[in-house]
Each structure stands twice: as C-alpha cells, then as structure tokens.
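J.:
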Amino acid sequence: MANLEIQIQIWKMLKPSTPTPNHFRTLKLSFFDELALPVYVPILFYYLPSIKTSCDKLQKSLADTLTKFYPLAGRFSEDDDELSIHCNDEGVEYIESKVNMDLAEFLREALKIDLLPEMDNRPQVHYLESK
C-alpha cells in the first residue's frame, strides 16, 4: 500500500454568483434556531482525474446555490447576546485535490475525515441551565 499523498489543486473561498441585497444582510435567529445545536456537514465529491469540466460546473452551481441560499455564505455573529447570521457573502471553503490511490483503497483507509478543514466560525453554544 502506498503512502497517502495529497496535492491541493485549488483552495479558495467560493462566493455567491451575485451579491446579497442589503435588506437581506442580517438574519436574526429565532428562539428555536438558538436551541438547535450547530451542525457542520462536510462533503467530499470524488471525480476521475480527467473531469475538469465537472469541477468547473460544480463551482458554478455552488456559487449559484449560494445566491439563492445566501445565509450559507455568511457568518454567525453575536451582538448583545443575540445570535444572527451576517449575510456578508464571504462564501464557503472550496478545495480540489488529487490523491495517489484509487477511490476504493482511499475509502478502506478511512482517512477521509482528515482531509476536511475544521470549521472555525461556529457560534458559542448556550445551553439552558436548570435552576
């Protein structure tokens, strides 16, 4: 078995294809939103090495999707103990890389979680305290 070698091809912040209108810039979270635990959903897509056009289409479709679901391209903020999403079009992290093994071998190794970046914009979790 070969040692895993990862070559990053593209690492960038993918932004919405059109800017979020000013009147949608702040999205206040409801009481129920604040009760829900934050969830980070890492996704890995696998393509054959010759599929450059698919990666370009993926980037374009993600940018278009971020336009329609603009809070996903924003960041959590906490002002005066009130959580909101600042829809500032910062975008999402997009990484394309190559590895030196086939997909079946890669999946057997169960290393895929180590390839994913850590999310550093999670809000502080506030639990209700019982009195």
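The number in our numbering is simply the position in the sequence shown, starting from 1, with 1208 added.
Glycine residues also receive a C-beta, built at the ideal position from the N, C-alpha and C atoms.
1. Which one or two residues does DSSP pair with Ile1214 in a beta bridge?
2. If you compare alpha carbons, which of Pro1229, Lys1220 and Asp1241 is closest to Phe1277?
3. DSSP state of Phe1284, grouped into three classes?
4. Report the rounded CA-to-CA distance for Phe1232 versus Cys1295, giving the unit in angstroms.
5. If we ignore side chains and look at the alpha-carbon of each, how far apart do Leu1315 and Met1221 end up?
6. Report buried or exposed for Lys1339, applying the criterion of at least 16 other Cβ atoms within 10 angstroms of its Cβ.
7. Rounded to whole angstroms, how far is the Cβ of Ile1251 from the Cβ of Ser1305, which I believe are closer than 8 Å?
8. Counting C-beta neighbours from all protein chains within 10 Å, is the total for Ile1218 16 or more, i.e. buried, or is it exposed?
9. Take Gly1282 as the anchor and find which of Thr1275, Glu1298, Glu1290 and Lys1268 has the nearest alpha-carbon.
10. Between Phe1284, Lys1236 and Ala1312, which lies nearest to Tyr1248 when the distance is taken from Cα to Cα?
11. Under a three-way DSSP split, which group does Thr1234 fall into?
12. Could you say which of Leu1280, Ile1303 and Ser1262 lies nearest to Ser1292 if we only look at CA atoms?
13. Using the Cα positions of Val1307 and Cys1263, report the straight-line distance between them to the nearest angstrom.
14. Evaluate Pro1246 with the Cβ neighbour count: other Cβ atoms within 10 Å of its Cβ, from every protein chain shown; 16 or more gives buried, anything less gives exposed.
T.: Walking through what the data contain:
1. Val1307
2. Pro1229
3. strand
4. 7 Å
5. Cα to Cα, the separation comes out at about 26 Å.
6. Confidence in Lys1339 is poor, its pLDDT being 39 and thus under 50, which makes the residue's placement too unreliable to answer from.
7. Ile1251 to Ser1305, Cβ: 14 Å. No contact.
8. With fewer than 16 Cβ atoms within 10 Å of its Cβ, Ile1218 is classed as exposed.
9. Of the listed residues, the one whose Cα sits closest to Gly1282 is Glu1298.
10. Phe1284
11. Strand at Thr1234.
12. Leu1280
13. 16 Å
14. exposed
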